[in-house]
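The structure appears below as structure tokens.
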Amino acid sequence: MTTLANLARLIRSKNAGPFELTFDIMFDDQPTYLRVKRSGMLTREKVAACYGVEPSQVKFFEVDNALAFKASIPRPVVQGDPRDSDGHGGQQYAPLMDIEIP
Amino acid sequence: MEELRILSPTGVCGSGFVESSFEQGLAQKPHVIGCDGGSTDPGPAYLGSGRTAFPKDAIRRDLRLMLLGARRLKIPLLMGSAGTGGNDVQLEGVHQLVREIAAAEGLNFKLALIHSEQKKDYLKKRLREGRVKALDPAPHFDEATIDRSEHIVGMMGADPFIRALENGADVVIAGRASDTAIFASVPIMRGFPEALAWHAGKILECGAASVVQRKTPDCMFAWVRKDHFIVEAPDPALTCTPQSIASHSLYENSDPFRLVECSGTLDLTRSRYEAATARAVKVSGSEFIPAQRYTVKLEGAEKAGYQSILIGSIRDPFIIRQIDDWTARLEERIHSRVKMVYGDKLKPDDYLLFIRIYGKNGTMGALEPVKEIRSHELCLSFEVTAPTQEIASTIASVIRHQALHLPIPEWSGLITAVACPYNHLDRGAVYRFNVNHVVEPDHPCEMFPMEIFDINRDSEKKLAA
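Chains A and B are the protein sequences, given in the same order. So that you can map any letter, position 72 of the first sequence is 72 in the working numbering, and since no number is skipped, the others follow by simple counting. Convert by adding 102 to the 1-based position in the second sequence; the result is the number in the working numbering.
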């Protein structure tokens with residue numbers, strides 16, 4: 001058992017426009033990417049649980065040629081609103097780092 | 103024409119690029135230089151206020167080199183999203199920079215300015231006709247939203263750029279534009295496949311962001327051909343790999359396979375990425391699905407109010423262990439003191455009080471999964487957003503005084519609970535994005551009026567638009 005943080009080349013979050021937040025989980029090599037893909041631990045449902053949204057609100061993609069997973073959710077607070085804490089959306093990925101992968 | 107070569111000096115005009123990379127790019131004989139000038143990423147304050155995210159001096163440095171390079175090779179220079187948000191104030195700011203540089207360098211050229219700021223009456227008319235459609239997710243948008251907006255811009259596609267070039271423009275400075283459209287316009291105009299034009303544009307618009315390891319903002323170059331395109335960074339130390347280029351379709355998009363433009367959708371599901379050389383990548387197989395209706399995305403910003411903030415820290419472990427309760431009691435006290443000061447002239451809904459607690463959940467707020475903290479100190483940011491700066495500033499003073507002396511049961515006597523390194527700060531007006539909708543125009547250029555100028559060193563003559 002290890003964590004996604006130990007396997008990924010890069011886990012990042014960013015605005016996808018002012019109204020959406022997007023996460024990229026990228027790998028260096030095919031075996032590691034496939035290990036995560038086949039584990040069934042990184043899913044739409046998992047991302048939904050990490051960010052308190054319904055699975056139907058999560059766009060989830062497996063991007064084989066980039067050796068990457070991608071997920072997008074509606075921004076919890078619109079970018080730049082008085083309650084927004086992260087204008088670029090760049091520090092919202094930490095909960096994904098702890099996802100356990102067999 | 104078998105091949106169309108495009109040079110992108112950098113991801114955003116004003117973020118910089120390496121001059122030797124740019125010279126290498128020019129030596130590869132581009133047919134056009136394109137540059138993105140803005141984004142929503144720096145936040146709503148720029149579109150709302152008309153300021154630029156990158157300072158004017160930094161924009162001037164990049165723009166000067168691009169103008170000199172383009173005029174030396176006698177090729178067009180296209181810039182979109184001028185001045186960050188692309189509103190008329192920002193467009194005019196960049197227009198003045200172009201004039202200054204032309205005068206200082208003795209340049210002559212035909213300049214097209216393309217406006218993207220939308221008239222309120224036009225938007226209301228389209229709204230009433232049911233030709234303003236919400237994207238998902240979208241805030242509520244009605245005529246009152248239009249009236250409240252400081253600026254609303256439309257995001258132009260490739261068509262206004264093509265029209266400017268067909269009118270003989272050497273330099274095109276455009277308001278808000280799809281980043282990709284800046285680069286896709288010339289290959290589309292010259293008859294190259296739209297899918298390749300848009301996909302190459304998607305990679306070019308970020309400059310060297312799609313290389314394996316970007317050191318600083320820098321140039322990117324593309325060779326667009328009939329059945330594929332090749333991308334390579336002009337700096338010989340930078341490498342593109344099939345994976346680095348494929349990965350770039352993930353950046354700042356919600357969907358890595360389908361990129362929606364005004365005129366259709368770029369579909370990357372079947373794209374193939376192959377190594378062309380040790381540091382260049384060949385891309386083919388991308389598809390473009392024309393839209394049923396041409397749509398133009400809107401971006402708008404309105405004033406959220408005026409803000410004052412106070413920063414302080416807490417080191418007392420008694421206060422830290424009851425921080426949620428402490429801030430809840432503090433908020434009550436602030437509201438009751440504000441009521442004493444303003445009476446009925448200011449209702450609780452007229453201002454927003456917000457307390458961030460760094461060291462607890464300052465970054466993720468309610469989404470923070472770590473509930474139990476072990477921080478030995480906390481940083482608090484107290485923020486008030488109010489109808490005027492004077493009121494915001496007054497409430498910030500109330501916050502300071504109430505926070506300083508808010509008692510806790512563990513101590514008896516007057517305490518001083520917060521360490522403040524300085525007095526509160528007045529931030530001025532703050533803004534919010536207020537629209538995520540598209541308009542269905544009659545014509546791709548209807549929302550984007552163009553002006554053409556004959557720039558002759560230090561003189562400028564306006565030609566018929």
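Even for Gly, the Cβ is constructed at its ideal location relative to N, Cα and C.
Residue pairing of MET258/B in beta bridges, as defined by DSSP: ALA279/B. Chain-ordered, the chain B residues with CB closer than 8 Å to the CB of GLU20/A read PRO239 and SER356. Among the residues of chain B, those whose CB is under 7 Å from the CB of MET26/A are SER349, following chain order. Considered as a whole, the region 327–391 of chain B harbours 331–334, 360–363, 366–369, 374–377 and 382–386 as its complete beta strand (DSSP E) runs of no fewer than 3 residues, in chain order. Looking at ALA297/B, LYS304/B, LYS235/B and SER218/B, the one whose alpha-carbon comes closest to that of PRO262/B is SER218/B. Chain A has a Cβ within less than 8 Å of the Cβ of VAL532/B. CA-CA distance, LEU165/B to GLN198/B, rounds to 12 Å. Assignment of beta-bridge partners to MET181/B by DSSP yields CYS137/B and ILE275/B.
For PHE456/B, the residues of chain A that pass the 9 Å Cβ criterion are PRO82 and ARG83, in the order they occur in the chain. A contact is defined here as three or more CB-CB pairs under 8 Å, and the region 306–324 of chain B meets this definition with respect to the region 111–129 of chain B.
Our two residues, ILE459/B and GLY232/B, have alpha carbons roughly 44 Å apart in a direct line. The beta strand (DSSP E) runs of length 3 or more contained entirely in the region 410–457 of chain B do not exist; there are none. Taking 8 Å as the cut-off, the beta carbon of GLU354/B is found no closer than this to the beta carbon of ARG534/B. Measuring C-alpha to C-alpha distances from LYS473/B to each of GLY461/B, SER483/B and CYS481/B identifies GLY461/B as the nearest. ASP337/B does not reach chain A, its nearest Cβ partner there being about 22 Å away, counting only Cβ pairs nearer than 7 Å. For SER312/B, the secondary structure class from DSSP, reduced to helix, strand or coil, is helix.
Contact note: TYR51/A reaches chain B through LEU469, using a C-beta cutoff of 8 Å and chain order. At least one beta carbon of chain A lies nearer than 8 Å to the beta carbon of MET466/B. Excluding its 5 nearest sequence neighbours in each direction, ILE457/B has C-beta neighbours in its own chain below 8 Å: THR429, LEU432, GLU433, LEU482, SER483, PHE484 and GLU485, listed in chain order. Contacts between ALA310/B and chain A, judged by CB atoms closer than 9 Å, are missing: the closest CB pair is about 17 Å apart. With contacts defined as CB atoms closer than 8 Å, ILE517/B and PRO523/B fail to qualify as a contacting pair.
Here the C-alpha atom of LYS222/B lies approximately 6 Å from the C-alpha atom of ILE248/B. Put simply, the backbone Cα of ARG529/B is about 21 Å away from that of VAL191/B.
When C-beta distances to chain A are compared with 8 Å, the residues of the region 132–147 of chain B below that value are THR142, ASP143, PRO144, GLY145, PRO146 and ALA147, in chain order.
Looking at the DSSP output, ASN558/B bridges to ASN210/B and SER561/B. The beta carbon of SER287/B is closer than 6 Å to those of ALA260, PHE263 and ILE264 in its chain, skipping five residues each way along the sequence. Residues of chain B with a Cβ closer than 7 Å to the Cβ of PRO95/A are, in chain order, PRO471.
In the structure shown, PRO74/A adopts extended strand secondary structure according to DSSP, grouped into three states. Looking from the CA of GLN394/B, the closest CA among GLU542/B, VAL134/B and ALA266/B belongs to GLU542/B.
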